[in-house]
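Residues in the sequence shown are numbered from 1 upward in steps of one, following full-length UniProt numbering.
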Amino acid sequence: MNFTELLAAARAHPEAVSVPASWAQGRAVFGGLMAAMVHEAMRQKLGDDRPVRSLAITFVGPAAPDVPISLEVEVLREGKAVSTLLGRAVQDGQVVTLVQGSFGAGRPSVVAVDAPAAMPMKPLQEAAPELPFIKGITPEFMQHVAFRWAVGGLPFSGNDSRHMGGWVRLRDVVEEPVGVAHLLALVDAWPPSLLPFLKQPAAGSTLTWTIEFVQPTPQLSTLDWCRYVVETEYARDGYGHAAAALWTAEGELLALSRQTVTVFA
């Protein structure tokens, strides 16, 4: 199943979604896909089309591929403009992913502040070649995402730059307007920002993730490349704190992200 098909399954059958092993990230299902599926289930519970403003995501435990996942949603409050929802992905009776979402309709305001300019990076044509998917070496889900490194070092390269990133887009998807679910996958597809500091392979993962979305979403297609850059702000005792942003190829801001990441080295 491709990304589009899995999102459709989350909307149509949230009580039992099975994710194939081709979407694995180590022993777990790719976290960006888990967040995207919970988001799709949350949208089904809204009374209108108010857009999502922010999601706070905790990866409680690994969700195993090929085992049914139940997507459960609770509406905590639905006001005139803002709705607060709580979503859970449950597998074998255990919560594996927890998402709190704030959905808010726009309102007239005298405050309007433009986003800062996108961080400079090598143009797509000058960036590193697209990273190949190598069975047994790279995570399985990477066969569905295309990367071209342009900032900082690759994982386990011993690069001490605080910044990492480049160009990213989804593979094997139908051409359609990019939505929040796609942005979740594009942001979380990048490895934990601590991994380039290491000189040899070690495990790393996201513990908590907060992401905020620019609304309305700038117009782009699922086939378009986006820019991503993350900055490691602090790391010690096996934990790191990082801030990231995703932009269109033209530099329009799409999302702002913060993660607490872990590394076992």
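Yeah, the Cβ is synthetic: ideal placement off N, Cα and C, and Gly gets one too.
Original post:
Do GLY166 and VAL145 have their C-beta atoms closer together than 9 Å?
Top reply: Here residue 166 corresponds to residue number 166 of the sequence shown, with the count starting at 1. Here residue 145 corresponds to residue number 145 of the sequence shown, with the count starting at 1. Not closer than 9 Å, so no.
**OP:** Please work out which residues of its chain come closer than 6 Å, Cβ to Cβ, to ILE57, disregarding the five sequence neighbours upstream and downstream, and give them in chain order.
**Re:** Indexing the sequence shown from 1 puts residue 57 at position 57. Cβ within range, chain order: ALA35, VAL99 and TRP209.
**OP:** Can you tell me the Cβ-Cβ gap for SER18 and GLN143, rounded? I've got them flagged as a contact below 8 Å.
**Re:** Locating residue 18 in the sequence shown gives position 18, where the first residue counts as 1. Locating residue 143 in the sequence shown gives position 143, where the first residue counts as 1. For a cut-off of 8 Å, the C-beta gap from SER18 to GLN143 is around 18 Å, too long to register as a contact.
Subject >> Assigned exposure category for VAL113 - 16 Cβ within 10 Å defines buried >> reply: Here residue 113 corresponds to residue number 113 of the sequence shown, with the count starting at 1. Result: exposed.
Subject >> Alpha-carbon to alpha-carbon, PRO218 and VAL178 >> reply: On the sequence shown, residue 178 is found 178 positions in, with the first residue counted as 1. On the sequence shown, residue 218 is found 218 positions in, with the first residue counted as 1. Those two C-alpha atoms are separated by around 9 Å.
Subject >> Neighbourhood of ASN203 by C-beta distance below 6 Å, restricted to the same chain and skipping five residues each side >> reply: Your numbering for residue 203 matches position 203 in the sequence shown. The residue you asked about is not Asn; residue 203 is Ala in the sequence shown. Correct list, in chain order: PHE264.
**OP:** Could you tell me whether the region 167 to 186 touches the region 225 to 235, where touching means 3 or more Cβ pairs closer than 8 Å?
**Re:** Contact check between the region 167 to 186 and the region 225 to 235: three or more CB pairs, one atom from each, fall below 8 Å, which counts as touching.
Original post:
Taking C-beta to C-beta, are LEU77 and GLN215 nearer than 9 Å?
Top reply: For the purposes of this step, residue 77 is taken as residue 77 along the sequence shown, with counting starting at 1. For the purposes of this step, residue 215 is taken as residue 215 along the sequence shown, with counting starting at 1. For clarity, residue 77 is Arg in the given sequence; the question names Leu instead. Contact flag unset, no.
Subject >> First and last residue of the uninterrupted alpha helix (DSSP H) at ARG43 >> reply: Here the question's residue 43 lines up with position 43 in the sequence shown. Looking at the DSSP string, the run of the alpha helix (DSSP H) that includes ARG43 is 31 to 43.
Original post:
For ASP49, is the classification buried or exposed, using 16 other Cβ atoms within 10 angstroms of its Cβ as the cut-off for buried?
Top reply: On the sequence shown, residue 49 is found 49 positions in, with the first residue counted as 1. Classification of ASP49: exposed, given that the 10 Å Cβ count is below 16.
Original post:
How is the beta strand (DSSP E) around LEU6 delimited, first residue to last?
Top reply: As a first step, residue 6 is located in the sequence shown; it is residue number 6 there, counting from the start. That residue, LEU6, is in no beta strand (DSSP E); its alpha helix (DSSP H) goes 3 to 12.
Subject >> Per DSSP, cross-strand counterpart(s) of HIS241 >> reply: Taking the sequence shown and counting its residues from 1, the one referred to as residue 241 is at position 241. The partner list for HIS241 (beta bridge, DSSP) reads TYR234 and THR260.
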